[in-house]
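Step one of this worksheet: look at the structure below.
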Amino acid sequence: MKQSQRSVLILPGMLADEDLGTTIGDLEIQVSQPDAETDFEILDNHIGSLQMSGQVLIRAGKTLTLLGGHEGLISQGAASKGNLVTGLKDGPVKDALQHVPPLRGLLGVGSGTISHRDLSMTDDENKTLVRAHLTTLNPKGGGDAVTIAALHPLRGYDEALEQLRDHLRASAETASPDAADLSPMLFPDQPRYNAKPDVAIVENATAWQSAGDVITVYLQVARENEAGIIADHDTEFLHDYRVALRKVRSVLSLFKGVYPEEQTAKFKGIASELMSPTGRLRDLDVYLLARDDYFAMLPPSLHKGLALMFEMFRKERRGAHRALAAHLRSSGYHSAITDLQAAFAGTDGPPKGPMADASVGDYARRLIWKRYRKVCRIARGITADTPDDQVHELRIGCKKLRYLMEFFAPLYPAAAVKPILKPLKRLQDNLGLFNDYSVQQAFLQRFMDGHEPLGHKQDLVLAQSIGALIAVLHERQKEERARIMASFSQFDGADIRSQFRSLFNAKEA
Amino acid sequence: MKIVACYSNKGGVGKTAASVNLAYAFAETGSRVLLCDLDPQGASGFYFRVKPSQKLDNDAFFEEAKQVAKAIRGSDYDNLDILPANMTFRDFDVFLSRMKNSQSRLKKSLKAVGSDYDIIVLDCPPNISTLSENVLQAADLIVVPVIPTTLSERTFEQLLEFVEGQEATKVSKKKIAAFFSMVQRQKVLHGETMARMRDTYPKRILKAALPFSTDVERMGVNRAPVLAFASDRPSAKAYRQIFAEVQTRLRES
Ligand SMILES: Nc1ncnc2c1ncn2[C@@H]1O[C@H](COP(=O)(O)OP(=O)(O)OP(=O)(O)O)[C@@H](O)[C@H]1O
Ligand SMILES: [Mg+2]
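One line per chain: the protein sequences are A and B, in this order.
Residue 1 is where the first sequence starts when you use our numbering, and the numbers rise one by one after that.
Residue 510 is where the second sequence starts when you use our numbering, and the numbers rise one by one after that.
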């Protein structure tokens, strides 16, 4: 009986027939002629989710084959709608990719040619004892060929299985790597992207050095997303790009006194200019991604207007993407960002401000402590009747606090930071939703006031749906608003307070 | 899970040939099949090139049903496993009754080692006296090859009488599905016998008949089911038709 294909070996090299030989002890091995070579492509997303979880996804012709995990080798049809995992047809490969972030597209990591052979091992009566399917990947570029052997044991012939396994390993060029190392072996030149690289901030560095390090790293992260935005692989490229630039900008505004004031203002201006052409596209992405949620907010009778609205968003997005892609390809953009990178990466670095040489440890503690106290001050003043402006102020304060804590996290033991970040995150989620609902209302209102007319009847349908949507969002905003005081009081517990004090207030500790 | 026994009170009628091809046909449709070679001669194992396994230690068998699972060998074909000849009749009785009982340890332990079979095909040895009630009870369908001669007619009658004699223990004649085996069309006697028997036992005899065929004989040389090496030949087609009728009867049983 066919056993589940538990046993998969990754064998460096082509594993040529000559290397495999024709016998193992008194058993014979037969290897079929290889089928015609075809092209293959290894797929992964920009953040390498598959590789990090020890999976290798191979697309060859109409088949997707996944290596790694408990299943060994599994495959399904390659047909898909778009490049997201959700767009794949239902099947075992799709099931095994459920851990992949849903918004990240599957992209080609590298390609080459693939060929298959079947191997069987037989006894003196020509009974098959074990079979293997050999898949040889021959990459384009400087990588090494690899053969994947899927062993198909037959029940009751365990010894033969072990013999074949040993024989295949011995026939390979080198020891078997893990599935996670397969893709780097095939495509050693493929750059590895990390959206949140560790920035080594050390206690005895200066604030100026640390700020420069963080900015340099995140400008690089932003740049690594440019090609993906231009190619429009998925919406996460733009998202990461903006997050990276926002980090740059927040270092500039939070690390007070590290650079001279007018220099800081100039850098901040450049960062804002880099950000601003990206806003409209990101907004449209966010709405389009939440399409199902919006439909769920309204009764079916109002869906027609939503469909109209999303169709307009979709069209506008196409233009917005084209404009941003052109911008990112322009020489003006290129020199703006390379100049900014050069300002931080150059041997001299940017000019120093009054706090430049402060030790980063003291500097961080002072900033965080100050920011923490400010957040608490604002929050404690908030009641059910406080105007929304003040809530927004609290949200910004929390955001700054969070940025600071994350920037300087390497200075503190992770176990100490985690428990105080958790209630902060919860408070921020609450404030974030409150803000999102209000921003969305304003966005929709603006859209309704300013859209291209569709004709009287359609405009009316559209207006009805948007009006209803705004009403729902308004209701939700009120609900979020009502939760804020409770979220804050959780964050403002006595133990959290004392932990903040002991971590960030050296003087009073 | 269903049990199909290929059985006859007469030797050399084509039980083993039928077991091998029926088991193969079931596996081909995706059912997970265990073919049990109950003949100490080990003929069906031979056709699949499976060497007879060491004789199971009786006590160990009763105490530790996993022993059975250990003796099972994968055939060269998907979904088809063989339990090579290695049981005494007494073992066999116990094996059957335990397989039938879904609570039995044997069944559970087979399941535990990853062999949850849909169909068990039994290739029975040619001796009615040693085949106990237990076997007749356990089988969902008893496939009986009948060579259409006057002598076979008598033996078939005896078989039915024997089965009816078991009425008290709920073995029904309905389980019997006979088919004409090694039919030679040019023999007038064969034709007459078949007509007469179909008349007498209209429900007990399958429509499809297996012709006498050198392809079946060649199984011994090729050591594979006819269905695997001569799929388009008349005998293979006959086995497929027999299989289709067996499937229908199983569904109705
Ligand atoms: N349809 C057929 N045409 C020609 N020869 C056949 C046919 N069916 C079976 N045989 C041959 O007849 C002989 C007996 O067949 P088989 O072993 O299947 O019968 P059996 O009932 O299992 O015998 P036993 O009672 O000894 O177990 C074998 O040599 C087989 O090749
Ligand atoms: Mg036999």
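Ideal Cβ positions, reconstructed from N, Cα and C, are used throughout, including at glycine.
Asked: Are the segment 38-47 of chain A and the segment 55-65 of chain A touching by the rule of at least three beta carbon pairs closer than 8 angstroms?; Found: yes
Asked: At which residue ranges does the segment 124-156 of chain A contain complete alpha helix (DSSP H) runs of 4 or more residues, listed in the order of the chain?; Found: none
Asked: Can you find a CB in chain B that lies within less than 8 angstroms of the CB of residue 518 (chain A)?; Found: Residue coverage of chain A in this structure runs from 1 to 509, which leaves residue 518 (chain A) outside it and unanswerable.
Asked: Based on Cα-Cα distance, which residue from B:530, B:551, B:594 and B:684 lies nearest to residue 586 (chain B)?; Found: B:530
Asked: Can you give me the start and stop residues for the alpha helix (DSSP H) that residue 312 (chain A) sits inside?; Found: 303-329
Asked: Closer than 7 angstroms: is that where the CB of residue 664 (chain B) sits relative to any heavy atom of ligand 2?; Found: no
Asked: Let me see if you follow: with CB-CB separation under 8 angstroms, is residue 128 (chain A) close to chain B or not?; Found: yes
Asked: How would you list, in chain order, the residues of chain A whose beta-carbon sits under 9 angstroms from the beta-carbon of residue 590 (chain B)?; Found: 1, 154, 155 and 156
Asked: What span of residues does the alpha helix (DSSP H) with residue 279 (chain A) cover, start to end?; Found: 279-289
Asked: In terms of residues, what are the limits of the beta strand (DSSP E) holding residue 169 (chain A)?; Found: Residue 169 (chain A) -> not in any beta strand (DSSP E); alpha helix (DSSP H) instead, spanning 158-171.
Asked: Please report the straight-line C-alpha distance between residue 430 (chain A) and residue 483 (chain A), rounded to a whole angstrom.; Found: 7 angstroms
Asked: With distances taken between CB atoms, is the gap from residue 150 (chain A) to residue 172 (chain A) smaller than 8 angstroms?; Found: no
Asked: Pop quiz: residue 657 (chain B) and residue 692 (chain B) are said to be a contact at Cβ under 8 angstroms. What is the actual Cβ separation, rounded to whole angstroms?; Found: 6 angstroms
Asked: With 16 other CB atoms within 10 Å as the buried threshold, where does residue 350 (chain A) fall?; Found: buried
Asked: Is the segment 175-184 of chain A close to the segment 154-162 of chain A, with three or more CB pairs under 8 angstroms?; Found: no
Asked: Are there 16 or more other CB atoms within 10 angstroms of the CB of residue 225 (chain A), so buried, or fewer, so exposed?; Found: buried
Asked: Just to check, is the beta-carbon of residue 67 (chain A) closer than 7 angstroms to a non-hydrogen atom of ligand 1?; Found: no
Asked: Going by DSSP, what residues sit across from residue 720 (chain B) in a beta bridge?; Found: B:692
Asked: Which residues in chain B have a C-beta closer than 8 angstroms to the C-beta of residue 226 (chain A)? List them in chain order.; Found: Going along chain B, no residue has its Cβ under 8 angstroms from residue 226 (chain A), so there is no contact; the nearest lies around 50 angstroms.
Asked: Give the secondary structure of residue 485 (chain A) by DSSP, where H, G and I count as helix, E and B as strand, and everything else as coil.; Found: helix
Asked: Does residue 495 (chain A) come out as helix, strand or coil in the three-state DSSP assignment?; Found: helix
Asked: Sort A:135, A:51, A:486 and A:271 by Cα distance to residue 97 (chain A) and report the nearest one.; Found: A:51
Asked: Tell me whether residue 94 (chain A), by its Cβ, gets closer than 7 angstroms to a heavy atom of ligand 1.; Found: no
Asked: Would you mind telling me which residues of chain B sit closer than 8 angstroms to residue 125 (chain A), beta carbon to beta carbon, in chain order?; Found: 558, 560 and 732
Asked: So for residue 89 (chain A), helix, strand or coil by DSSP?; Found: coil
Asked: By the three-class DSSP mapping on this structure, what secondary structure does residue 521 (chain B) have?; Found: coil
Asked: Please check if any C-beta of chain A sits within less than 8 angstroms of the C-beta of residue 729 (chain B).; Found: no
Asked: Quick one: give me the first and last residue of the alpha helix (DSSP H) that residue 447 (chain A) is part of.; Found: 414-450
Asked: Looking at the secondary structure, which residues open and close the alpha helix (DSSP H) in which residue 266 (chain A) lies?; Found: 261-275
Asked: Are the CB atoms of residue 542 (chain B) and residue 627 (chain B) within a distance shorter than 8 angstroms?; Found: yes
Asked: Per the contact definition of three or more C-beta pairs closer than 8 angstroms, is the segment 4-21 of chain A in contact with the segment 133-149 of chain A?; Found: yes
Asked: Judging by CA-CA distance, which residue of A:55, A:175 and A:129 is the nearest neighbour of residue 120 (chain A)?; Found: A:129
Asked: Do you know whose CA, among A:306, A:358, A:20 and A:189, lies nearest residue 537 (chain A)'s CA?; Found: Outside the shown range of chain A (1 to 509) lies residue 537 (chain A), about which nothing can therefore be said.
Asked: For residue 553 (chain B), which beta-bridge partners are listed by DSSP?; Found: DSSP lists no partner for residue 553 (chain B).
Asked: Starting from the Cα of residue 334 (chain A), find the closest Cα among A:481, A:223 and A:433 and give me that residue.; Found: A:223
Asked: Excluding five sequence neighbours on each side, which residues of the same chain lie with their C-beta closer than 6 angstroms to the C-beta of residue 719 (chain B)?; Found: 690 and 747
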